[in-house]
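Engineer: If you read the sequence shown in numbering that gives the first Met the number 0, its first letter stands for residue 0, the second for the next number, and so on. Positions of the beta carbon are idealized from the N, C-alpha and C atoms, including for glycine.
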Amino acid sequence: MLFCFSLLFVAGASFAQARGAAPPVQTAPARRPAPVPPASRAGIAITITDPRGLPIPRIHVTIAGPSDRRGETDNSGQVNFVGMQPGTYRVRFDGDDVISFEREVVVRAGQPTGVEVMLNPAPAAPPAPPPPAPAPAPAKPQADVGPPGMPLVLSIVDLAEKQLAGNQARRETLVSCSGNTRTTLVVLNQDQAERLYDGAETEYYVVAGQGAVRLNGRETSLAAGSYVSIPRNTSHAIVRRGNRPLVLLAVLAGEPCEQPK
């Protein structure tokens, strides 16, 4: 029977070839896709607290190593970094109100590394020095003022007539002295030498006689009723003319009146 089946199979194949039928095609088995490796779970999970154990937000974390990372802690004081290569990392923690800190962290393959860090508060900044006190204003020099005098009313003409007797070259009679004003009656029988007052102004009023005032090398005639004003630091001289004495009312202002000039 087996022999007969074989003959029939061979005969059938021969018959099929004789009729031109193609032999059956054998296909290779389909390949399965390679399994996708699971994502790396290596990374660093950081929690930052203060000495009281309270979380510190807004701490800037910088990681340097095989996989550099940067981040900032949230309100829970946490920040996570994933997908990192295994190795040793240098981690730095910075914040406005804490003391900066650094430490090494070792990351192992396939597992997260938990890091807990306590940061100390930064010392309070020293108070700003107070602004320098403004320099005191220079003290104004106080004017040297003489004592006040007594009120006085008199006739300059009558006083001058009393002083005309005699032939003195220069006769001076105090009329009044108050504060920084000194008034005198001056009778000149000769020229008055050149004078200069560095701290006082001078005024002359001609009561009687004739003369001239010399200022800057120039002479100006004087007669009864003439008035002359001489600023301080101005050199001047009084010249007598004619045969009669030159009578002047001289006022010196700007220096204590009890200091005669």
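(1) Let's see if you can read the secondary structure: which residues bound the alpha helix (DSSP H) around Leu118?
(2) Our contact map puts Gly145 next to Pro255 with C-beta atoms below 8 Å; I'd like the distance itself, whole angstroms only.
(3) For Val246, is the classification buried or exposed, using 16 other Cβ atoms within 10 angstroms of its Cβ as the cut-off for buried?
(4) Pairs of beta-carbons, one from the region 114-127 and one from the region 45-52, closer than 8 Å: are there three or more?
(5) Identify, in the order they occur along the chain, each residue of the same chain with its Cβ nearer than 6 Å to the Cβ of Gly241, setting aside the five sequence neighbours on each side.
(6) Quick one: which unbroken beta strand (DSSP E) runs of 3-plus residues sit fully inside the region 65-131? Chain order, please.
(7) By how many angstroms is the C-alpha of Val156 removed from the C-alpha of Gly178?
(8) How many angstroms separate the CA atom of Pro137 from the CA atom of Pro130?
(9) Using the Cα positions of Arg194 and Ser228, report the straight-line distance between them to the nearest angstrom.
(10) Hey, how far is the Cα of Gly94 from the Cα of Val105?
(11) Checking 9 Å against the spacing of the C-beta atoms, do Glu200 and Gly165 come in under that value?
(12) Unbroken alpha helix (DSSP H) runs of length 4 or more, entirely within the region 134-166: which are they?
(13) What is the DSSP secondary structure of Gly241, reduced to helix, strand or coil?
(14) If you check the beta carbons only, do Arg68 and Ile43 fall under 9 Å apart?
(15) Tell me, please, which residues DSSP counts as bridged to Tyr204.
(16) Ala63 and Pro85 - do their beta-carbons sit closer together than 9 Å?
(17) Roughly how many angstroms separate the alpha carbons of Ile237 and Val174, rounded to a whole number?
(18) Helix, strand or coil for Gln220, going by three-state DSSP, please let me know.
(19) Which term fits Val90, buried or exposed, when burial requires 16 or more other beta carbons within 10 angstroms of its beta carbon?
(20) Compare the Cα-Cα distances from His235 to each of Ala168, Arg217, Ala127, Glu171 and report the closest residue.
(21) Just verifying my parser: in three-state terms, what is the DSSP assignment at Ala168?
(22) Among all the DSSP beta bridges, which residues are the ones paired with Pro54?
(23) For my contact list, Gly163 and Val185 are in at a C-beta cut-off of 8 Å; report their separation, rounded to the angstrom.
(24) Would you kindly work out how many angstroms separate the C-alpha atoms of Thr112 and Phe100, rounded to a whole number?
Structural biologist: Taking the coordinates as given:
(1) Segment: none, Leu118 is in no alpha helix (DSSP H) and carries neither H nor E.
(2) 3 Å
(3) buried
(4) yes
(5) Gln209
(6) 68-71, 77-81, 86-93, 100-106, 111-117
(7) 25 Å
(8) 20 Å
(9) If you take the alpha carbons of Arg194 and Ser228, they lie about 14 Å apart.
(10) 23 Å
(11) no
(12) Counting whole runs of 4 or more residues, the region 134-166 contains the alpha helix (DSSP H) stretches 155-162.
(13) coil
(14) yes
(15) Tyr226, Leu248
(16) no
(17) 20 Å
(18) The sequence given here places Ser at residue 220; Gln does not occur at that position. Secondary structure at Ser220: strand, using DSSP grouped into helix, strand and coil.
(19) buried
(20) Arg217
(21) coil
(22) Thr48
(23) Reading off the sequence, residue 163 comes out as Leu, not Gly. About 12 Å separates the two Cβ atoms, so there is no contact after all.
(24) Distance between the alpha carbons of Thr112 and Phe100 is about 18 Å.
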